[in-house]
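Below is one structure, written out as structure tokens; the observations come after it.
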Amino acid sequence: MSMSDQVISVKAVEVDVWSWSLDQHSVGDNDGERLISKDETERAKRFLRPVDRHRYIAGRAGLRRILASYLKRDPVTLSLIYNACGKPTLAHDEAAGLHFNLSHTAGLALLGVCAHASIGVDIEEIRPLREDVASHFFSAKECADLNALPETDRLNGFYRCWTRKEAFVKAQGAGLSLPLDSFDVSLELGDDTCLLRRLDPQIGPLDDWTVRNLDAGAGFCAALAVHSKGRGVTVRYRNRCDWSLNMASMM
């Protein structure tokens, strides 16, 4: 068989998407403060409102539990480090190729986890906002697409654009240093295969990235960005009951 006759199978990037309430007390949640690091404890103390402090602890404790379930580690022993833009990662000697990104809004946390691919997620509560916000954060093409939407869909269209852009920025790990007009995303509800429409060549090839919608439930909008390098992306939704399961097969 010649090389031209061979079929090369490229495994898709498998992404696990987790969501949980930051406001509910359930079995195992009361030890959240025990699970987080000293630095996280100090940061929690700086929140003025008790609800914000509780949500922060619940988010970090949940993150540690989930990551520990992949790595077969005690959540307390995990070391989280932050890049210059504030994106958390596992210490290199602990990560075992695991990439993750956490987002939260209005008492709901969203976490994306995958192996050997940079990832970003964003979730937002859909709520009214000023009409001029888009002009400060969207590209000219995105603003034009937003204004072309029916008025009844414009608010949802804004959040579709916002979450897709934010997820991509977070996957890049560059924070606000990445110009928001250096790439365009689609505002459409469907056509999930090509939500990233334009990318400055200096950032990288357009086909190296996948941007997808995520199901966040009524009243919320969410998106995922993965450095898939031309591979397909498979999304699997997980829940709290899976925290203690061994999911090492993903690795």
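Mapping the sequence shown onto the working numbering, position 160 (from 1) lands on 160, and the numbers just tick up by one. Ideal Cβ placement from N, Cα and C applies to all residues, glycine included.
Inter-residue distance for Asp145 and Cys194 is about 15 Å (C-alpha atoms, whole angstroms). Secondary structure of Asp132 (DSSP, three-state): coil. For Phe158, the secondary structure class from DSSP, reduced to helix, strand or coil, is helix. Looking from the CA of Glu125, the closest CA among Arg231, Ala109, Glu151 belongs to Ala109. Inter-residue distance for Asn156 and Val169 is about 20 Å (C-alpha atoms, whole angstroms).
Note on Arg160: 16 or more other CB atoms within 10 angstroms of its CB, so buried under the neighbour-count rule.
By the Cβ rule, the segment 44-59 does not count as touching the segment 73-83, because fewer than three pairs are nearer than 8 Å. A Cβ-Cβ distance of about 4 Å is found for the pair Ser118 and His227, placing them in contact under the 8 Å criterion. Residue nearest to Leu214 within the set Trp20, Gly204, Arg164 is Arg164 (criterion: CA-CA distance).
Annotation: Arg197 to Ala134 spans about 18 Å, alpha carbon to alpha carbon.
Each residue's CA atom was taken as its position, placing Glu131 and Val185 some 19 Å apart.
Taking the Cα of Leu111 as reference, the smallest distance to any Cα among Leu67, Pro75, Ile36 is reached at Leu67.
Under a 10 Å Cβ-count criterion, Ala12 is classified as exposed, with fewer than 16 other Cβ atoms of the shown protein chains found around its own Cβ.
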